[in-house]
Amino acid sequence: MATEAESGTGLVFHPMDQFIVKPLFGDVIHWYTPTNVTLWMGLAALCVIALMVFGTTGRATIPSRIQSVAELAYGFIYKMVEDVAGKDAVKFFPYVMTLFLFIVFSNFLGLIPMSFTTTSHFAVTIVLALLVFLTVTIVGFIKNGVHFLELFWVTSAPLALRPVLAIIELVSYFVRPVSHSIRLAGNVMAGHAVIKVFAGFAALAVVSPVSILAITAMYGIEVLVAFIQAYVFTILTCVYLKDALHPGH
Amino acid sequence: MATTSPAADAAHGAVTAPGMPQLDFTTWGNQIFWLMVTLVVIYVVLSRIALPRIGAVLEDRQNTILKDLNTADDFKQRALEAEKAYDAALAAARAEAGRIAAQTRAAIQAEVDAAIARADVEIAERTAEGEAAIAAIRRSATDSIAQVATDTTEALVAALGGKADATEIAAAVAAQMKG
Chain A
3 MATEAESGTG LVFHPMDQFI VKPLFGDVIH WYTPTNVTLW MGLAALCVIA
53 LMVFGTTGRA TIPSRIQSVA ELAYGFIYKM VEDVAGKDAV KFFPYVMTLF
103 LFIVFSNFLG LIPMSFTTTS HFAVTIVLAL LVFLTVTIVG FIKNGVHFLE
153 LFWVTSAPLA LRPVLAIIEL VSYFVRPVSH SIRLAGNVMA GHAVIKVFAG
203 FAALAVVSPV SILAITAMYG IEVLVAFIQA YVFTILTCVY LKDALHPGH
Chain B
1241 MATTSPAADA AHGAVTAPGM PQLDFTTWGN QIFWLMVTLV VIYVVLSRIA
1291 LPRIGAVLED RQNTILKDLN TADDFKQRAL EAEKAYDAAL AAARAEAGRI
1341 AAQTRAAIQA EVDAAIARAD VEIAERTAEG EAAIAAIRRS ATDSIAQVAT
1391 DTTEALVAAL GGKADATEIA AAVAAQMKG
């Protein structure tokens, strides 16, 4: 954000200003107002379409570079869904693919300086996580009926322990969307905020080389985090889907 | 740190608390709306266009590879058959060549044998002829010697003044030549 630094008193840190949601035109934010959220989500969608649609228009048997990347992403997520959630989870593949591509492109677009990171917002990640949670719960009950509750009844444990375990399992089940969403937003937000803090120190001439080095290092880590968090979110989605399709331990 | 940035103030039209913009719930409705729009767009594009297309491309490639492998297998089979046929033809040709060689050898042998036999017969004939000629010559030589001896004896007897008796002389010569 351009409004940072020099406020007269020397070092000023506004590490969180980068996350402020602003309208693109006008001042007021209604639910339909085009904001920087709209802009960067739109760019993420465009990137997805560019890679997966325009990158594959050739339908070449010997793929071009972009088509190779698209096929790699396809194979990566397809295999993940098949291996982790089971063969019958393949019908959820487009859904999982949507989540993965949206998160991975949002994360990487967020790494562009001056950009806005949509996945750093709990509003976004909580919705993503709740979608998964609701899907898993609804599919679980539709597919297995009451047997879905066996997920909470650990038959391999001694009978006396089972009620206790059931409570623990139930709590952990409902904590899932919370951890699922906060893990993603928290990781992304923390990294970006730390970079901003280092950038604030760069105003001091003595410290600035160290600061720049630190920003570079953090940026490298953030590139890793951007992919790993998308991967973690996706694979957890697959793990939860497996619970819905094959409950029981 | 106490005041928010001017941009933030302008954005919300009210003073927001410093801290996490993530917890400014006035923007949640907006974010969630645009998130749903984005997700629906991506989902529709992926499930309708991109994923079926990539799936088809991957399947095509798999089929092409399998087909190529099958074709290669076919060609290999045919190469093996061709090699077998070649080996068989070679063996047959070798056998045929051996047969022809043996035949030729036998024919030549027969010819040679016949020639040798003919030559033997001729040699025998010539030998017989030669022997006959030699015998004739020897005979005529003996006769000539007897004649010459008789004539010489007659002449000697006449020169010594005797009267030569032809019968005596012939008998004497014959007696001498026997010795």
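Chains as they are written, first to last, in our numbering: chain A, 3 to 251; chain B, 1241 to 1419. Built from N, CA and C at the ideal position, the CB exists for glycine as well. From a predicted model like this one, the values you see are computed outputs, not experimental measurements.
Query: Pull up the CB-CB distance for G202 (chain A) and V14 (chain A), whole angstroms please, since I reckon it's below 8 Å.; Result: 7 Å
Query: When we look at the beta-carbon of D245 (chain A) and count the other beta-carbons within 10 Å, is it buried (16 or more) or exposed?; Result: buried
Query: Within the 8 Å Cβ cut-off, does N1310 (chain B) reach chain A?; Result: no
Query: Taking a Cβ distance cut-off of 8 Å, strictly less, list which residues of the stretch 73-99 of chain A are near chain B, in chain order.; Result: E73, Y76, G77, F95, P96, Y97, M99
Query: Indicate the three-state DSSP secondary structure (helix, strand or coil) for T63 (chain A) in the structure shown.; Result: coil
Query: In terms of DSSP beta bridges, what is P179 (chain A) paired with?; Result: According to DSSP, P179 (chain A) bridges with nothing at all.
Query: Find out if the Cβ-Cβ distance for the pair L1298 (chain B), E73 (chain A) is shorter than 8 Å.; Result: yes
Query: When you check each C-beta in the stretch 1305-1332 of chain B against every C-beta of chain E, which residues fall closer than 8 Å?; Result: As a matter of chain content, chain E is missing from the structure shown, whose protein chains are A and B.
Query: At the level of alpha carbons, what is the spacing between A228 (chain A) and L161 (chain A)?; Result: 44 Å
Query: By the three-class DSSP mapping on this structure, what secondary structure does P96 (chain A) have?; Result: helix
Query: Which residues bound the alpha helix (DSSP H) around K1418 (chain B)?; Result: 1406-1418
Query: Just checking my contact of A47 (chain A) with T1278 (chain B) at CB under 8 Å: how many whole Å lie between their CB atoms?; Result: 5 Å
Query: Given 7 Å as the limit, tell me if V1277 (chain B) has its C-beta closer than that to any heavy atom belonging to the ligand MG.; Result: This structure does not include the ligand MG; it has no bound ligands of any sort.
Query: Do the CB positions of H123 (chain A) and Q1271 (chain B) come within less than 8 Å of each other?; Result: yes
Query: Leaving out the 5 sequence neighbours to the left and right, which residues in its chain are closer than 6 Å to I197 (chain A) when beta-carbon positions are compared?; Result: I217, M220
Query: T255 (chain A) to V241 (chain A), Cα distance in whole Å?; Result: Missing from the structure shown is residue 255 (chain A); chain A here goes from 3 to 251 and no further.
Query: If M82 (chain A) and L1286 (chain B) are in contact, beta carbons under 8 Å, what's the gap, nearest whole angstrom?; Result: Not confirmed; about 15 Å, so no contact.
Query: Using C-beta distances below 7 Å, list every residue in its chain close to N189 (chain A), excluding the 5 sequence neighbours before and after it, in chain order.; Result: V227, Q231
Query: For Q69 (chain A) and A1329 (chain B), what's the separation of their Cα atoms in angstroms?; Result: 52 Å
Query: In whole angstroms, what separates the C-alpha of I114 (chain A) from that of L247 (chain A)?; Result: 39 Å
Query: Using the rule of at least 16 other Cβ atoms within 10 Å of the residue's Cβ for burial, across every protein chain shown, is A1257 (chain B) buried or exposed?; Result: With a pLDDT of 47 at A1257 (chain B), under the threshold of 50, the modelled position of this residue cannot be trusted, and the question is left open.
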